[in-house]
Amino acid sequence: MLIQKLESNSSSLSTTQDPISEYQKDAKAKLEGKHVIILNRSVNYLEWKSSILADAHLIQAKDILIKRETVPSTTVPLNIELWNQKNELLYTRIFQSLNTTVRDSLGPLNEDAYLAVTIWKNLT
């Protein structure tokens, strides 16, 4: 009985993790060869903004920026985890696209700043 329960829990975990792993692998592959436009103050702002929105679209995370999502719009655990992965990847992409001067202008990052939409709002 206990073994069956453990096997059941194990298989439900693996089916939950598979879509997440697949998403991570796919999203990273899509961004890997893509040139990152570095934001250099207002000199190339429109080009940078378009590039970030295109990257967000590639990784299926554009709603986070467009709808200014700070939390997942679902309570389904798998979808919450996928949203968290999208947010983390998008946040990283945005942060890496900032030159030092722009990064420093954001000031110290608090817990909310680790949301892609928070850093996006500060820059757009």
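According to our numbering, the sequence shown is numbered sequentially starting from 1058.
Using N, Cα and C, we set each Cβ at its ideal position, and we do this for glycine too.
- Under the three-state reduction of DSSP output, L1096 falls in the strand class.
- Listed in chain order, the non-local C-beta contacts of E1138 below 6 Å within the same chain comprise I1077, local neighbours out to five positions each way being set aside.
- R1150: member of the alpha helix (DSSP H) spanning 1134-1153, first to last residue.
- Three or more Cβ pairs drawn from the segment 1093-1105 and the segment 1143-1161 lie within less than 8 Å of each other, which places the two stretches in contact.
- Inclusion of A1118 and L1146 in the CB contact set at 8 Å is warranted, their separation being smaller than that value.
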